[in-house]
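In my numbering, the protein residues as written are 13 to 335.
We treat Cβ as the ideally placed atom computed from N, Cα and C, and that holds for glycine.
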Amino acid sequence: MSLAHPENWPVLVVKGASDRELLRDIKTLAAAAEESDGNPPLSEQTLVMLRGADAGDHSVLTLALYAPDEQSDPASGQDLAGIAVVVEADDGTGVLEMAVHPSYRNQGVAGRLLDSLRDGRGLAGLNAWSHGNHEAAADLAAHYGYGPVRELWKMRLMSSTTELPDADLPEGISLRAFVPGQDESAWLAANRAAFAHHPEQGSLTRADLDARMAEDWFDPAGFLLAVNTDGELLGFHWTKVHPRQGPHPAIGEVYVVGVTPAAQGLGLGKALTVAGIRYLQSHELHSVMLYVDADNTAAVALYQKLGFVRWDVDVMYAPLTGK
Numbered sequence: 013m014s015l016a017h018p019e020n021w022p023v024l025v026v027k028g029a030s031d032r033e034l035l036r037d038i039k040t041l042a043a044a045a046e047e048s049d050g051n052p053p054l055s056e057q058t059l060v061m062l063r064g065a066d067a068g069d070h071s072v073l074t075l076a077l078y079a080p081d082e083q084s085d086p087a088s089g090q091d092l093a094g095i096a097v098v099v100e101a102d103d104g105t106g107v108l109e110m111a112v113h114p115s116y117r118n119q120g121v122a123g124r125l126l127d128s129l130r131d132g133r134g135l136a137g138l139n140a141w142s143h144g145n146h147e148a149a150a151d152l153a154a155h156y157g158y159g160p161v162r163e164l165w166k167m168r169l170m171s172s173t174t175e176l177p178d179a180d181l182p183e184g185i186s187l188r189a190f191v192p193g194q195d196e197s198a199w200l201a202a203n204r205a206a207f208a209h210h211p212e213q214g215s216l217t218r219a220d221l222d223a224r225m226a227e228d229w230f231d232p233a234g235f236l237l238a239v240n241t242d243g244e245l246l247g248f249h250w251t252k253v254h255p256r257q258g259p260h261p262a263i264g265e266v267y268v269v270g271v272t273p274a275a276q277g278l279g280l281g282k283a284l285t286v287a288g289i290r291y292l293q294s295h296e297l298h299s300v301m302l303y304v305d306a307d308n309t310a311a312v313a314l315y316q317k318l319g320f321v322r323w324d325v326d327v328m329y330a331p332l333t334g335k
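Structure below.
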């Protein structure tokens with residue numbers, strides 16, 4: 013059997029957290045893909061689960077395709093050519109993300125992984141994200157009977173040249189930084205209330221929060237909390253700084269902004285957003301980005317008024333009816 017084509021390369025299937033070696037290879041592949049494409053191929057939640065954090069009602073399935081090195085023993089000299097990662101819910105649904113190393117593209121790597129996934133788990137109940145609206149991803153989705161069902165816009169503000177509007181905090185509300193070891197429970201309660209109708213964000217657990225706080229990028233100084241005179245947490249703006257990746261400079265992110273129902277309608281959301289952007293500007297980042305659902309017209313309008321413009325788009329694909 014020739015090892016020259018990906019259809020003859022063995023697929024490693026891992027259920028649950030990845031071991032240290034596989035996780036190292038995945039991070040190397042993801043970094044190469046991001047440097048090439050300008051977009052991280054895997055979501056933060058997926059990376060958290062691959063590292064083994066408690067995911068509550070979700071589990072993770074990884075398919076890894078290693079390319080044998082023709083110049084060495086194929087059993088030991090290998091490169092990770094591509095991965096497919098499925099985050100599964102306990103109701104049988106799941107979300108797929110994939111990445112192919114730039115050196116192994118246009119060789120059938122993604123097809124080999126998807127065929128293996130279809131033959132093993134199956135594609136039933138499975139949606140897929142493409143981080144960045146890549147033509148290759150659209151073609152692959154169509155080949156397997158998938159079509160676009162959701163767009164997540166990435167919007168960007170050139171922070172060094174944008175003058176933000178005044179946005180004062182409502183009377184009786186002040187900002188302070190998140191205090192690890194003190195604010196976790198209050199923040200989780202506020203997050204659940206603020207995102208009661210957004211299950212992806214509102215269902216975050218203490219384990220999810222702890223996993224993010226353990227990340228290298230976490231900085232409590234950029235985790236802004238809005239509290240009233242009684243110390244009640246009414247809203248928050250969690251910022252994030254993405255480090256430089258190859259030719260792509262460091263960039264700030266409006267990671268998540270939330271306002272509890274008790275404080276909605278007061279202008280707190282805008283004030284928190286502006287305060288977080290100003291915090292990021294103080295770090296001399298040349299731009300700030302955020303993610304927003306394309307159909308959330310109210311949020312899109314607010315961000316546009318602040319100077320954000322559409323920069324890129326993530327596309328979710330789902331099986332087309334009748335396919």
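Check	Outcome
Cβ separation of residue 246 and residue 274, assumed to be a contact under 8 Å, to the nearest whole Å	6 Å
Residue from 97, 77, 78, 49 whose Cα sits closest to the Cα of residue 63	97
CA nearest to the CA of residue 161, picked from 171, 152, 140	140
Residue nearest to residue 118 in terms of C-alpha spacing, selected from 18, 268, 229	18
Spatially closest choice to residue 293 from 303, 30, 262, 313, by CA coordinates	262
Straight-line gap, residue 257 to residue 237 (C-alpha atoms, nearest Å)	29 Å
DSSP beta-bridge partners of residue 163	327
Own chain, CB closer than 6 Å to residue 23, minus 5 neighbours either side, in chain order	75, 77, 128
Local conformation of residue 51 per DSSP, three classes	coil
Check whether residue 280 and residue 271 have beta carbons under 8 Å apart	yes
Residue 250, DSSP secondary structure in three states	strand
Cross-strand partners of residue 303 (DSSP beta bridge)	166
Segment contact, 8 Å Cβ cut-off, at least three pairs: the region 215-234 with the region 177-188	no
Neighbourhood of residue 54 by C-beta, 6 Å cutoff - its chain only, sequence neighbours within 5 removed	42, 109
Per-residue burial, residue 265 [other beta carbons within 10 Å of its own, 16 or more giving buried]	buried
One or two residues paired with residue 263 in a DSSP bridge	254
Continuous alpha helix (DSSP H) stretch holding residue 294: start and end	Premise fails: residue 294 is in no alpha helix (DSSP H) and is neither H nor E.
Presumed contact (8 Å Cβ cut-off) between residue 326 and residue 144, rounded CB distance	7 Å
is_contact[residue 71, chain C] using C-beta, thresh 8 Å	Absent here is chain C; the protein component of the structure consists of one chain.
Candidates 164, 322, 259: closest to residue 306 by CA position	164
Assigned secondary structure, residue 58 (DSSP; H/G/I helix, E/B strand, else coil)	helix
Proximity winner among 105, 241, 80, 249, relative to residue 206 (alpha-carbon distances)	249
Limits of the unbroken beta strand (DSSP E) element including residue 70	70-80
Host beta strand (DSSP E) of residue 121 (start-end)	Not the beta strand (DSSP E): residue 121 falls in the alpha helix (DSSP H), residues 121-131.
Assigned exposure category for residue 301 - 16 Cβ within 10 Å defines buried	buried
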